[in-house]
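Peer 1:
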Amino acid sequence: MKIINLGSKELASFYVACELFKQMDYSPDSKLGLATGGTMTDVYQSLVTLLKKNQIDVSQVTTFNLDEYVGLEPEHEQSYHYYMDDILFNQYPYFNRQRIHIPNGDAVDFEQEARRYNQLIESEGPIDIQLLGIGENGHIGFNEPGTSLESETHVVDLTESTIKANSRYFNDESEVPKQAISMGLQSIIKAKRIILLAFGEKKKQAINDLLNQPVSKDIPSTILKTHPNVEIYVDDAAAPDLKNS
Ligand code: PGA
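Using UniProt numbering, read the sequence shown as starting at 1 and increasing by one per residue.
Listed below in structure tokens is the structure:
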């Protein structure tokens, strides 16, 4: 696992956008695992700039989003469908819609939807680059503390900590969905390369825990220690304590 402090969100996001851009440019049939949340906004903005300036063909790229809230239809402004359209797919409208995959938060049967999504990743994967944020409680995707390390795509109950953290995007905490469909920890670590981003002081503890605690379902992010190809990019505020300072 490699951790690099790139100083600021802006620089780290630009660096990661370049990595995504190169992946698609070199391998037009790339499979990308995409994440949402406040952490990722600048990554997609920089990526859109690079895509527009270079006009690369993304029609053969396949994308899988990590998660979606249960009960939010794709048009809902806080759904991750809406987020992705707004920030990437509508900005560079040359992705093939048939190859864009996001769990359906408006499904009739969410357990079945989770199984369908898992099978899709199994049959279309492996993912070349999986983007990840991290929760203040150490979650990756919506895999909350206590999630089985063996989990595949599943329906999760969001913890109070996550509901509170994500309430900043809603009018009121009571509007935050209580459940989500999330790629599981096993689904995530099947990716060939994983890039995790963390910015701001609120993420510092989660980064310290990821680096220093043993692999345990109590801190879901620690499963990344079992993967051979993980990079973590942070800003100054989220950077771990250095041994020699
Ligand atoms: P954030 O969420 O980017 O909105 O902080 C990250 C996460 O919870 O994984």
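Beta carbons are placed, not taken as given, at the ideal position from N, Cα and C, and that holds for glycine.
(1) Below 6 angstroms CB to CB, which residues in the same chain sit around I137 once its five sequence neighbours on both sides are set aside?
(2) When you measure from the CB of T39 to every non-hydrogen atom of the ligand PGA, does any distance come out below 7 angstroms?
(3) Tell whether a beta-carbon distance below 8 angstroms holds between E68 and A180.
(4) Just to confirm, does residue 296 get its C-beta within under 7 angstroms of one of the non-hydrogen atoms of the ligand PGA?
(5) Can the beta-carbon of P74 be found less than 8 angstroms from the beta-carbon of D29?
(6) Report yes or no: do three or more beta-carbon pairs, one from the segment 42 to 49 and one from the segment 9 to 18, lie closer than 8 angstroms?
(7) Would you say the beta carbon of G7 comes nearer than 7 angstroms to a heavy atom of the ligand PGA?
(8) Can you tell me the Cα-Cα spacing of A206 and Q91, whole angstroms?
(9) Here's the rule I'm using: 16 or more other beta-carbon atoms within 10 Å means buried, otherwise exposed. How should D128 be labelled?
(10) Would you give the residue range spanned by the alpha helix (DSSP H) that R115 belongs to?
(11) Less than 7 angstroms separating the Cβ of I219 from some heavy atom of the ligand PGA?
(12) Relative to the ligand PGA, is the shortest distance from any of its heavy atoms to the C-beta of I87 smaller than 7 angstroms?
(13) Give a yes or no on whether the C-beta atoms belonging to I102 and N143 are separated by under 8 angstroms.
(14) Starting from the C-beta of I219, find all residues in its chain whose C-beta is less than 6 angstroms away, skip the five residues before and the five after it, and write them out in chain order.
(15) Determine which residues share a DSSP beta bridge with V156 and list them.
(16) Give the single residue among L197, S13, L32 whose Cα lies nearest to the Cα of Y44.
(17) Per the DSSP calculation, L34 is bridged to which residue(s)?
(18) With distance defined between alpha-carbon atoms, name the residue in L88, F110, G184, D109 nearest to T41.
(19) Looking at the strands, I want to know which residues DSSP matches up with V234.
(20) With 16 as the cutoff for other CB atoms within 10 Å, does T153 come out buried or exposed?
(21) Less than 8 angstroms between the C-beta atoms of T226 and V234, yes or no?
(22) Give me the Cα-Cα distance between E231 and E77, rounded to the nearest whole angstrom.
(23) Less than 7 angstroms between C-beta atoms, sequence neighbours within five positions excluded: which residues of the same chain meet that for G125?
Peer 2: The structure says:
(1) Taking the sequence shown and counting its residues from 1, the one referred to as residue 137 is at position 137. Checking the sequence shown, residue 137 turns out to be Asn, not Ile. Leaving aside the five residues that flank N137 on each side, the residues in its chain whose CB is nearer than 6 angstroms to its CB run, in chain order, P145, S161.
(2) To locate residue 39, count along the sequence shown from 1; it is residue 39. Relative to the ligand PGA, T39 has its C-beta within less than 7 angstroms of a heavy atom.
(3) Residue 68 sits at position 68 when you count from the first residue of the sequence shown. Residue 180 sits at position 180 when you count from the first residue of the sequence shown. Closer than 8 angstroms, so yes.
(4) Residue 296 lies beyond the stretch modelled for the chain, which goes from 1 to 245, so this question has no answer here.
(5) Within the sequence shown, the letter at position 74 stands for residue 74. Within the sequence shown, the letter at position 29 stands for residue 29. No. Outside cutoff.
(6) Yes, the segment 42 to 49 is in contact with the segment 9 to 18.
(7) As a first step, residue 7 must be located in the sequence shown, where it is residue number 7. Not so, every heavy atom of the ligand PGA lies at least 7 angstroms from the Cβ.
(8) The sequence position of residue 206 within the sequence shown is 206, counting from 1. The sequence position of residue 91 within the sequence shown is 91, counting from 1. Across the structure, A206 and Q91 are spaced so that their CA atoms are roughly 32 angstroms apart.
(9) As a working note, residue 128 is residue 128 in the sequence shown. Of the other Cβ atoms in all chains shown, 16 or more fall within 10 Å of the Cβ of D128; this residue is therefore buried.
(10) What you label residue 115 is simply residue 115 of the sequence shown in a count that begins at 1. DSSP places R115 inside the alpha helix (DSSP H), whose first and last residues are 110 to 124.
(11) Mapped onto the sequence shown, residue 219 falls at position 219. No.
(12) Within the sequence shown, residue 87 is the residue found at index 87, counting from 1. In this structure, I87 has its CB at a distance of at least 7 angstroms from all heavy atoms of the ligand PGA.
(13) Indexing the sequence shown from 1 puts residue 102 at position 102. Indexing the sequence shown from 1 puts residue 143 at position 143. It is not a contact, given that the beta carbons lie outside the stated cut-off.
(14) For the purposes of this step, residue 219 is identified with residue 219 of the sequence shown, where counting begins at 1. Cβ within range, chain order: G138, D209, Q213.
(15) Against the sequence shown, residue 156 aligns to sequence position 156. Residue pairing of V156 in beta bridges, as defined by DSSP: A180.
(16) Mapped onto the sequence shown, residue 44 falls at position 44. When each option's Cα is compared against that of Y44, the closest is S13.
(17) One-based indexing of the sequence shown puts residue 34 at position 34. Paired residues: N65.
(18) Position 41 of the sequence shown, counting from 1, holds the residue named residue 41. Comparing C-alpha distances from T41 to each of L88, F110, G184, D109 shows the shortest one belongs to L88.
(19) Position 234 of the sequence shown holds residue 234. DSSP, once it has assigned bridges, lists N5, A198 as partnering V234.
(20) The residue you call residue 153 lines up with position 153 of the sequence shown. Buried, since its Cβ has 16 or more Cβ neighbours within 10 Å.
(21) The count along the sequence shown starts at 1 and reaches residue 226 at position 226. The count along the sequence shown starts at 1 and reaches residue 234 at position 234. No, these two residues do not count as a Cβ contact at 8 angstroms.
(22) Residue numbering aside, residue 231 sits at position 231 when the sequence shown is read from its first letter. Residue numbering aside, residue 77 sits at position 77 when the sequence shown is read from its first letter. When the Cα atoms are used, E231 and E77 turn out to be separated by approximately 31 angstroms.
(23) In the sequence shown, counting from the first residue as 1, residue 125 sits at position 125. Excluding positions up to five away in sequence, the list reads K31, K190.
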